[in-house]
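Q:
Protein chains: 2
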Amino acid sequence: MASTQALYEELLDSWRKAVLLGSVQNQLGWDEQTYLPPGGAAHRADQMSLLAGIVHQQLTTPRLGELISALETADKPPGSNGLLDANLREARRRYDRLTKLPTRLVEELTRVTSLAQQNWVEARKKSNFEMFRPWLEKIVALKREEAAALGGGDGVGNGAPYDALLDDYEPGAKSTDVAKIFASLRAALVPLVRAIAGATKRPDVSILTRYYPKAAQAEFAKAAAAAIGFSFQDGRLDESPHPFCSGMGPGDCRLTTRYDEHHFPGAFFGVLHEAGHGLYEQGLDPKAFGTPVGEAASLGIHESQSRMWENFVGRSQAFWKHFYSQAQTRFSEALGSVPREAFYAAVNDVHPSFIRVEADEVTYNLHIMIRFELEQQLIEGQLKPADVPAAWNEQYTQSLGITPAKDAEGCLQDIHWSGGMLGYFPTYALGNMYAAQLFQTARKAVGDLDAQFAKGDFVPLRTWLKDNVHQLGRQFPPGKLVERITGQPLSHEPLVAHLKAKFEPLYGL
Amino acid sequence: MASTQALYEELLDSWRKAVLLGSVQNQLGWDEQTYLPPGGAAHRADQMSLLAGIVHQQLTTPRLGELISALETADKPPGSNGLLDANLREARRRYDRLTKLPTRLVEELTRVTSLAQQNWVEARKKSNFEMFRPWLEKIVALKREEAAALGGGDGVGNGAPYDALLDDYEPGAKSTDVAKIFASLRAALVPLVRAIAGATKRPDVSILTRYYPKAAQAEFAKAAAAAIGFSFQDGRLDESPHPFCSGMGPGDCRLTTRYDEHHFPGAFFGVLHEAGHGLYEQGLDPKAFGTPVGEAASLGIHESQSRMWENFVGRSQAFWKHFYSQAQTRFSEALGSVPREAFYAAVNDVHPSFIRVEADEVTYNLHIMIRFELEQQLIEGQLKPADVPAAWNEQYTQSLGITPAKDAEGCLQDIHWSGGMLGYFPTYALGNMYAAQLFQTARKAVGDLDAQFAKGDFVPLRTWLKDNVHQLGRQFPPGKLVERITGQPLSHEPLVAHLKAKFEPLYGL
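So the protein sequences, as listed, match chains A and B.
Residue numbers for the first sequence follow the numbering used here, so the first one is 1 and each next one is one higher.
Residue numbers for the second sequence follow the numbering used here, so the first one is 510 and each next one is one higher.
Here you go:
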């Protein structure tokens, strides 16, 4: 009989091959968003679909199931340090999940979403929901089929069908728990948003829509990303309709952004955000690449990193103490005569707005809650895809008091649904809460972060994150990871405390 | 028993999947040359090697062999039009070839050449052959192993080992035949080169090294590529250390170039060249994609298209009658006061030079002959990789009367060997001869090409090429294809006639 060690090696080897092939899918996905010529969309969909099928088959071969079962009951080899158990836990989770999905469905979803994303780009450009509607209908039908195949929430018919999708992005999360913590967060946010709306002290945001030449924006954003520690030896920055970060594997992590020459924050904070994701990817243990625990713990934890660097670092007073003179030099016409305090206030302007990725820290989570509601209704079948624009606009009117005038600034703004990513959005708000809780702990652990940022020193925070979060990969489920680091289960309170401490003085409340 | 039609469909389906996966390899290869961050080289090599192994396995499954054998002896279905036979011929050729190569060797070659190409970029930049030497040694050893596994020239031990490699690029070509036609060509070229060297009439080439801003070069080159018919809806143009064209599949064909702001011809004619390849790729029958005959007939035929658009069209008087005023507008400082005749003479300057891709039409083929000699010696084991720089420089001294001062302008200039492409170079000179012979026929077939070019009308030539060459794909072996179109077997004479007719008046001979 094969030794436990031999079985384990065989499991890891098979897994590595599948993940390596999966990383080729990522590469094609990146190319689709950045450089694919329009005429190549159908061929790209064929490539993606073929690869998805092969990867799915590799991760659902009966031999893999045998290996996992054998290892679960085997004596652990001496000196085994918990890594084997963590790899087994993740392998079991993925294997059980994937074996419930027919390869046909996986291929079909891949093909349809690959084509739909190209279509979404056009539909968004033309602000034409009708163009995109048939694709959304196909995708929602396929995702409902996926949720059903996965057996609903806990895999045996308990819990909402939506939970089966959510679990793919945030292992172990349940929509009822998410709804509960979102309700607590909303209860604290709404009065704060209202108070800020009533404040008489308001920043001059017009300085942010002056002329910021694209080339200078790109250089400045790259310099800032490099300063916080993103390695351009092992990564790049390109343009795409929707900003993202894609970790291809060791030594290759790609960020994208989009530039508006009359809106400074979009690209700059966008790049800091993606670079935050990138630091996580570049901080993973390269030796663990391809093993079940070799990737990020969850999308919520991933988002905690991007939001931390974007907001807790990038929109702090201390950050701009270091960077503002550079900004003034690079954009002397726009900022030459603007005092730092005025700039700081402007990039922290809080007001209801249409575009999620450009929303301020306070209202951002309301954007997420809207999407979370609508997604659940789509998957439960209570909302028809054709009714999404009306439902979207109604939610914005209710929650934020503003009504999108066109779908490009409404339900067509995000790439997620066109990519089949239903169940993804809540991880953004979870990420904000994780970020606040982790940052609170980091403050205690690594000394005076503000003093460090003001000197342009981001090494202590990055090192702490690498040691405590990045290099562990998926060894712990997200909730457990945060509890392990902070000593507390996830709560909305650190985020609320952060927002009050920051925005009350800014708005003279 | 399955019908012939069913077996044929099964063969084509399997083939399509393998080619589709192979197109993913192309995509990764393109990315490696254009956007891959340096740190990602090892991971990319792992991806390429994994894919190469899967594709190789797919194209060597015993079932494929059974299908081919069954179809070879089956009654052809009524109405079968020769396409089935052509597909079978190509499938047999590839299958027999690939089954001789162990998957291990294919994976190893892919991994080594992927890493070696990254290394070559650095070595070339630093003009440091010693950096590249260990990689060249590995590659030559692996290619010798490949040639041996393929059983030498004709697969059963007859002919030179080199022929087995040559056949991959130019199906059916033999090095003895190539050597013979090269000798005839050389015999005609050497006196012409000598006569031109002795001519007193010389163009002023200094106009070509004035300042040509990169952005304007890129725009002009793209405009010219679009004018000859390259579709940017179905393709793109990017930068890479070594220019190339890669057809990914229907609707996606990618060109690359490199810019030197003080050398106009490099990028401009380089793009026309790659766009010539691109027209071939875009002219293939999309319905045939993935079938054995769905690709270009050979690299020699491919090169005939690139060289025809680069030289027979792009460096013609007629072409510049149409384009010169645009050039003067775009580069008014450099060309504003230069008469068209002087410009035409300058871009057709003939003189011995170091860099093949920038060589003139007359001396170009001598660059190829040098590489052809050295490659054969490397594969036969008569030349050690360590001795390549000395042998290279000696050949240049003998053939062209000039000696490279550094390896970056000598044996490190081309990407081919780092990519494992030994046996590839002769297809360039074959391509020049094919081009001349095809162009001669096109002249007779589609009327006054010069008058058309002078009006900026490239449709008649492109349509003729599409009908006679592009859309046929690999239905005929290259030699047969040319004979079918021109009524003559390949000869060096049309090329020599073209060169004399063009350059004797230019140099007042």
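Glycine included, each C-beta is placed from N, C-alpha and C at the ideal position.
Chain B beta carbons: is any one of them nearer than 8 angstroms to that of Y35/A?
A: Interface residue, yes.
Q: Our contact map puts L618/B next to E655/B with C-beta atoms below 8 angstroms; I'd like the distance itself, whole angstroms only.
A: Right, their Cβ atoms sit about 7 angstroms apart.
Q: Mind pulling the chain B residues with CB within less than 7 angstroms of D46/A?
A: Here the neighbours are L529.
Q: Can you tell me whether V871/B is buried or exposed? The criterion is at least 16 other CB atoms within 10 Å of its CB, across all chains shown.
A: That one is buried.
Q: Can you list the residues of chain A that S749/B reaches, using a CB-CB cut of under 8 angstroms?
A: Chain A residues near S749/B: none, gap ~13 angstroms exceeds 8 angstroms.
Q: Quick one: what's got a C-beta closer than 6 angstroms to L172/A's C-beta in the same chain, skipping five residues either side?
A: The amino acid at residue 172/A is misidentified as Leu; the sequence shows Gly. Excluding positions up to five away in sequence, the list reads P477.
Q: If you measure from the beta carbon of D794/B to each beta carbon in chain A, is any gap under 8 angstroms?
A: Judged by the 8 angstroms Cβ criterion, D794/B is not in contact with chain A.
Q: In terms of residue numbering, what span does the alpha helix (DSSP H) encompassing D522/B cover?
A: Start and end: 513–543.
Q: Is it buried or exposed for P894/B, if we count other Cβ within 10 angstroms and need 16 for buried?
A: Buried, since its Cβ has 16 or more Cβ neighbours within 10 Å.
Q: Output, in sequence order along the chain, the residues in the stretch 244–272 of chain A whose CB is closer than 9 angstroms to any CB in chain B.
A: From the stretch 244–272 of chain A, only M248, G249, P250, G251, D252, C253, R254 have a Cβ closer than 9 angstroms to chain B.
Q: For A734/B, return the contacting residues in chain A, with the cut-off set at a CB-CB distance below 7 angstroms.
A: Ordered by position in chain A, no residue passes the 7 angstroms Cβ test against A734/B, which lies about 13 angstroms from the chain.
Q: For R202/A, report the span of its alpha helix (DSSP H) as first-last.
A: Careful: R202/A lies outside any alpha helix (DSSP H) and carries neither H nor E.
Q: How long is the line joining the alpha carbons of S846/B and F852/B, rounded to whole angstroms?
A: So the alpha carbons of these two residues sit roughly 10 angstroms apart.
Q: Is the distance from the Cβ of L105/A to the Cβ of A149/A below 8 angstroms?
A: Yes, these two residues count as a Cβ contact at 8 angstroms.
Q: Could you pull out every residue in the same chain whose Cβ sits closer than 6 angstroms to the Cβ of M557/B, ignoring the five residues on either side in sequence?
A: Cβ within range, chain order: L537, T619, S623.
Q: Taking beta-carbon pairs under 7 angstroms, can you tell me which members of the stretch 115–141 of chain A lie near chain B?
A: Residues: none.
Q: Just to confirm, are R816/B and H782/B a CB contact at a threshold of 8 angstroms?
A: Their beta carbons are under 8 angstroms apart, which means R816/B touches H782/B by this criterion.
Q: Please check if any C-beta of chain A sits within less than 8 angstroms of the C-beta of Q1086/B.
A: Residue 1086/B cannot be examined here, being either before or after the span of chain B that is shown, 510 to 1018.
Q: If you drop the 5 nearest sequence neighbours on each side, which residues of the same chain put their C-beta closer than 7 angstroms to that of L760/B?
A: It is worth fixing the name first, because residue 760/B is Gly in this sequence and not Leu. The answer, listed in chain order, is D743.
Q: Within the same chain, show all residues whose beta-carbon is closer than 7 angstroms to that of L189/A, passing over the 5 residues directly before and after it, in chain order.
A: Counting only Cβ-Cβ distances below 7 angstroms, and skipping sequence neighbours, we find V362, N365, L366.
Q: In chain order, what residues of the same chain lie with their CB nearer than 8 angstroms to the CB of F458/A, ignoring the 5 residues before and after it?
A: Closer than 8 angstroms at Cβ, skipping near neighbours: A227, I228, G229, V313, Q452.
Q: Would the stretch 32–43 of chain A count as touching the stretch 60–70 of chain A if we require 3 or more Cβ pairs under 8 angstroms?
A: The stretch 32–43 of chain A, when compared against the stretch 60–70 of chain A, does not touch it at the 8 angstroms Cβ threshold.
Q: Check each candidate in F232/A, L284/A, P213/A and name the one with the smallest Cα separation from R260/A.
A: Contrary to the premise, residue 260/A reads as Asp rather than Arg in this sequence. Considering only alpha carbons, the answer is P213/A.
Q: If you drop the 5 nearest sequence neighbours on each side, which residues of the same chain put their C-beta closer than 7 angstroms to that of G508/A?
A: Hits under 7 angstroms: A199, K201.
Q: Enumerate in chain order the residues of its own chain whose CB-to-CB distance from F182/A is below 6 angstroms, with the five nearest sequence positions on each side excluded.
A: Excluding residues within five positions, the ones whose Cβ falls inside 6 angstroms are M369.
Q: Quick one: what's D238/A bridged to in DSSP?
A: DSSP lists T256/A as partners of D238/A.
Q: Expressed to the nearest angstrom, what Euclidean distance is found between the alpha-carbon atoms of Y943/B and G809/B?
A: If you take the alpha carbons of Y943/B and G809/B, they lie about 7 angstroms apart.
Q: Checking 8 angstroms against the spacing of the C-beta atoms, do Q117/A and S491/A come in under that value?
A: No, the pair does not count as a contact, with Cβ atoms beyond the cut-off.
Q: How should G988/B be labelled, buried or exposed, when 16 other C-beta atoms within 10 angstroms of its C-beta is the threshold for buried?
A: By the 10 Å Cβ count, G988/B comes out buried.
Q: Assuming G283/A contacts H470/A under a Cβ cut-off of 8 angstroms, what Cβ separation, rounded to an integer in Å, is found between them?
A: Rounded, the Cβ-Cβ distance is 3 angstroms, consistent with contact.
Q: Can you check which of these residues, H1007/B, Q984/B, K1011/B, L931/B, is closest to Y671/B by C-alpha distance?
A: Ranking the options by Cα distance to Y671/B, first place goes to L931/B.
Q: According to a CB-to-CB cut-off of less than 8 angstroms, which residues of the stretch 549–579 of chain B neighbour chain A?
A: Cβ contacts with chain A come from G549, A550, A551, H552, R553, D555, Q556, L559, L560, I563.
Q: Nearest by alpha-carbon distance to Y933/B: which of V897/B, D522/B, I888/B is it?
A: When each option's Cα is compared against that of Y933/B, the closest is I888/B.
Q: Taking only beta-carbon atoms, is D234/A less than 8 angstroms away from chain B?
A: So yes, D234/A belongs to the interface.
Q: Can you have a look at Q512/A and say buried or exposed, based on whether 16 or more other CB atoms are within 10 angstroms of its CB?
A: This structure does not reach residue 512/A, given that chain A is present from 1 up to 509, and the question cannot be answered.
Q: Just tell me which of V955/B, G775/B, P774/B, A805/B has its CA closest to the CA of Y789/B.
A: Nearest option by C-alpha distance: A805/B.
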